[in-house]
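S.K.: Numbering (numbering that gives the first Met the number 0), first residue to last: 0 to 575. All C-beta atoms in this analysis are idealised placements derived from N, C-alpha and C, irrespective of residue type, glycine included.
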Amino acid sequence: MTELHDHLRQRVLAATEALGLDRAAAEPLVRLDPPKNRDHGDVALGAFQLAKLAGKAPPALAGELAARVVPDEVVAAATAAGPFVNFRFRRAALARVVLAAIQRAAPPYGKAGPSGQVVCIDFSSPNIAKPFHIGHMRSTVIGNSLCRIHRHLGATVHGINHLGDWGMPFAKMMTAYLRWGNEQELHRSPMRYMFALYQRYGQEVEQHAELDAEAAAHFRALESGADNQQRRMWQLLRDESLRAFQGPYSRLGVTFDHVTGESFFEDKMAAALARVRAAGVLEPSEGAEVVWLKELGIQQPCLLRKSDGTTLYHTRDLAAVFWREQQYRPDRILYVVGAEQKLHFDQLKGVLQRMQEPIARAVEHVPFGLVLARTDDGKWEKFATRAGNAVFLDEILDEAVAKVRAIIREKNPDLPDADQVAEQVGVSAIVFNDLKNSRIKDVKFDWDAMLSFEGETGPYVQYACARLASILRKVEAPVPPPEAVDFALLADAERVLLTMLDFGPAVQRAAEQSEPSIVTTQVIALAGEIHAYLRDHYVLGAEPAVRDARLLLVDAARRLLTTGLSLLGIPAPERM
RNA sequence: GCGCCCGUAGCUCAGUUGGAUAGAGCGACGGCCUCCGAAGCCGUAGGUCAGAGGUUCGACUCCUCUCGGGCGUACCA
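Dropping the structure here:
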């Protein structure tokens, strides 16, 4: 909360006290929220619960509160409207507090100091025996944004790429490679080549079910720990995959603090299993070893060891939880993984709960929806890599970049570094599209919408930044320090300023709810407000005092938009 | 069968954890570049918040049921 809210809160609490209400009881009932309709005021207080506490009718109490909060240097007005009290801040105070804080990069507009909170974020985590396609992007960009949001709020963040480099999918890839593979081809274009092998396996296994048995045998050999053909093969395929994945990651601007894949836990699973056994919850069942979770309302048991003695996804995730607990002491461990794996994480958490492990509290699945493709008859269906219609991320990014390049040629032919800017804007358009809606919603992969750069899109927000930067370049005066500005001259910018005021709470909610789209919505709103403001308020030709005040506003808007975009992992070019 | 998720304007989505008259973008229609970037701005049209009950001062929001769509349901991840 800003000092504006703190001030108002104190005034309201003083008023409730003056009306004879117990301060401690009133404290949690004083909820100062932005009203749905901004015409009502800047902040609204519904007096329902306070009225109950006072034993009065809400409209009566609202009237008494409004009368007691007389205007001061921050509060311009307090008016009762039925059961609500609407407050307005003085425009000069609003402008001063918001713009000065942004200029200083003070929280929440700038990075907060260390909060002491430790957050592990398990994201991207692709199965590297498959090509990096559009479906992998969601976890990658959502997780990346969450890392940035938590860091902004002062948390110690461990961004972890829990690579799928172990288990049956990898064994299947080894099987395909051993049967049909060729090292030259692999080195030439690892991702495409492995995709071809993956597809061939999928086709041939229909006729030759023994392939799966072969894969299982390879996995047993790999997991035996021996230095054998399977291990060398695993190393080769893993190295090539990782190399190939570097391309998409660097284009998306994504980095990790730890790349500890499933294979990393190979030597830690025995201890993890022993710990489960020691807790007395591991039971034999049909030749396998499981933990039953019926008492937690989960019917399906969690398998931790297969009847052939090998481990599973769950076993490795469990070992990973123990490792992270010991290494990082996290308050939260976020798993940015598709909603279709909800049961998996319910089970993982369930096992920890049955073991009475306190770390169970930290485990949080952050689910997201599918990526859907449009079918010929206009319906939406899940992308299927098996059917061969996988769209490689690089192809999508290339297409977006090419389109941006064409627009630049048309609108801004003299732009320096046009290729670099096209890359920034094109990639951002795709990323922004993925972060725009609530993550639980399925993403409809619609080329037309994705490559349209108008309206609520990444380029729209970047364009606002470029436009603001352009003004700052052209004006002959430097941006004045806040002390030198007459904030009363910014009374006409109230919509922009009130939107800026929402930024902090929005980032806070985004972190609490693991929901980057809250930030996306916020930057769209701010871009819209500043665009609208600039229509009627010129900076360049204004008289010096007005120009200076607007200059500070423009600079603040540019800074805040840049910060907001950076929380989404999106750059803000100076020109585009 | 059971569990979970989704259902808001023609399309794609917001709706600040239960508050006032449900808001954007796209598409449609009509305006705005002899002044800072038109990838922009302004306006018009468009709604039984899937449906029915319930909870209460108040429900798009919480509960129950129904309908529609999706995902998941032990040796894959």
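Which residues in the same chain have their Cβ closer than 8 Å to the Cβ of residue 382, if we skip the five residues on either side of it in sequence?
M.R.: Excluding sequence neighbours, residue 382 sits near 132, 133, 134, 369, 370, 371, 372, 388, 389, 390 and 444.
S.K.: Would you check if there are 3 or more beta carbon pairs closer than 8 Å linking the stretch 135-145 to the stretch 166-178?
M.R.: Touching, no.
S.K.: Shortest alpha-carbon distance to residue 315 belongs to which of 305, 357, 265 and 351?
M.R.: With distances taken between Cα atoms, residue 315 lies closest to 265.
S.K.: Contact defined as beta carbons within less than 8 Å: I believe residue 88 pairs with residue 3. What is the distance between those atoms, to the nearest angstrom?
M.R.: The Cβ separation is near 6 Å, so the contact holds.
S.K.: Does the distance from the C-beta atom of residue 138 to that of residue 161 stay below 7 Å?
M.R.: No, the Cβ-Cβ distance between residue 138 and residue 161 is not below 7 Å.
S.K.: Taking the beta strand (DSSP E) that residue 157 falls in, what are its first and last residues?
M.R.: Unbroken beta strand (DSSP E) run through residue 157: 155-159.
S.K.: With a threshold of 16 other CB atoms inside 10 Å of the CB of residue 520, please say whether the residue is buried or exposed.
M.R.: With 16 or more other Cβ atoms within 10 Å, it is buried.
S.K.: Tell me which residue opens and which closes the alpha helix (DSSP H) that residue 429 is part of.
M.R.: Note, residue 429: alpha helix (DSSP H), 417-434.
S.K.: Would residue 457 pass as a contact of residue 421 if the rule is Cβ separation under 7 Å?
M.R.: Result no, Cβ atoms of residue 457 and residue 421 do not sit closer than 7 Å.
S.K.: Considering only their Cβ atoms, is the gap separating residue 32 from residue 24 smaller than 7 Å?
M.R.: No. Outside cutoff.
S.K.: Just list the beta strand (DSSP E) runs in the stretch 303-366, keeping only unbroken ones of 3 residues or longer that don't cross its boundaries, in chain order.
M.R.: Counting only runs of 3 or more, we get 331-335 and 362-365.
S.K.: Thinking C-alpha only, which one of 425, 575, 449 and 325 is nearest residue 413?
M.R.: Considering only alpha carbons, the answer is 575.
S.K.: Please report the distance separating the alpha-carbon of residue 410 from that of residue 417.
M.R.: Approximately 12 Å, taken between the alpha carbons.
S.K.: I want to know whether the stretch 67-87 touches the stretch 525-536 - three or more CB-CB distances under 8 Å.
M.R.: No: the two stretches stay apart, fewer than three of their Cβ pairs being nearer than 8 Å.
S.K.: Please give me, in chain order, every unbroken run of the alpha helix (DSSP H) with length at least 4 that falls completely inside the stretch 150-233.
M.R.: Counting only runs of 4 or more, we get 167-179, 182-187, 189-206 and 209-222.
S.K.: Using CA coordinates, which residue listed in 231, 251, 52 and 38 is at the minimum distance from residue 140?
M.R.: It is 251.
S.K.: Classify residue 481 as helix, strand or coil using the three-state DSSP reduction.
M.R.: Helix, per DSSP.
S.K.: Quick one: what's residue 132 bridged to in DSSP?
M.R.: The partner list for residue 132 (beta bridge, DSSP) reads 391.
S.K.: According to DSSP, is residue 446 part of a helix, a strand, or is it coil?
M.R.: In the structure shown, residue 446 sits in a helix (DSSP, three-state: H, G or I).
S.K.: Can you name the residues that DSSP bridges to residue 373?
M.R.: Per DSSP, 379.
S.K.: Between residue 485 and residue 156, what straight-line distance do the alpha-carbon atoms span, to the nearest angstrom?
M.R.: Using only the alpha carbons, I get a separation of about 40 Å.
S.K.: What residue range is occupied by the uninterrupted alpha helix (DSSP H) comprising residue 90?
M.R.: Where residue 90 is concerned, the enclosing alpha helix (DSSP H) stretches over 90-103.
S.K.: Going by the CB atoms, is the gap between residue 213 and residue 174 shorter than 7 Å?
M.R.: Yes, the Cβ-Cβ distance between residue 174 and residue 213 is below 7 Å.
S.K.: Name the one or two DSSP bridge partners that residue 146 has.
M.R.: Its beta-bridge partners do not exist; DSSP assigns none.
S.K.: Sorted by chain position, which residues of the same chain lie with C-beta nearer than 6 Å to residue 286's C-beta, five sequence neighbours on each side aside?
M.R.: So the qualifying residues of the chain are 306.
S.K.: Can you look up residue 43 in the DSSP assignment and give me helix, strand or coil?
M.R.: Looking at residue 43 - three-state DSSP - the assignment turns out to be strand.
S.K.: My guess is that residue 288 and residue 311 are in contact by the Cβ rule of under 8 Å, so how many angstroms apart are they, rounded?
M.R.: Not confirmed; about 10 Å, so no contact.
S.K.: Mapping the DSSP letters down to three states, classify residue 546 as helix, strand or coil.
M.R.: Residue 546 falls in the helix class under three-state DSSP.
S.K.: Closest to residue 228 by CA distance: which of 283, 177, 511 and 330 is it?
M.R.: Looking at the Cα atoms, 177 is the closest of the given residues.
S.K.: Taking 8 Å as the limit between beta carbons, can you name the residues of its chain near residue 379, skipping five residues before and five after?
M.R.: 371, 372, 373, 441 and 443.
S.K.: I need the straight-line Cα distance from residue 211 to residue 179, nearest angstrom please.
M.R.: Near 15 Å, if we compare the C-alpha coordinates of residue 179 and residue 211.
S.K.: Confirm, please, whether the CB-CB distance from residue 544 to residue 489 is below 7 Å.
M.R.: No. Outside cutoff.
S.K.: If I measure Cβ to Cβ from residue 494 and keep anything under 8 Å in the same chain, skipping five residues before and after, which residues do I get?
M.R.: 37, 528, 531 and 532.
S.K.: Using the Cα positions of residue 511 and residue 498, report the straight-line distance between them to the nearest angstrom.
M.R.: One C-alpha to the other measures close to 20 Å.
S.K.: Please determine, among 225, 95 and 6, the residue with the shortest C-alpha to C-alpha distance to residue 483.
M.R.: Per the Cα distances, 95.
S.K.: Indicate the three-state DSSP secondary structure (helix, strand or coil) for residue 12 in the structure shown.
M.R.: Reduced to three states, the DSSP call for residue 12 is helix.
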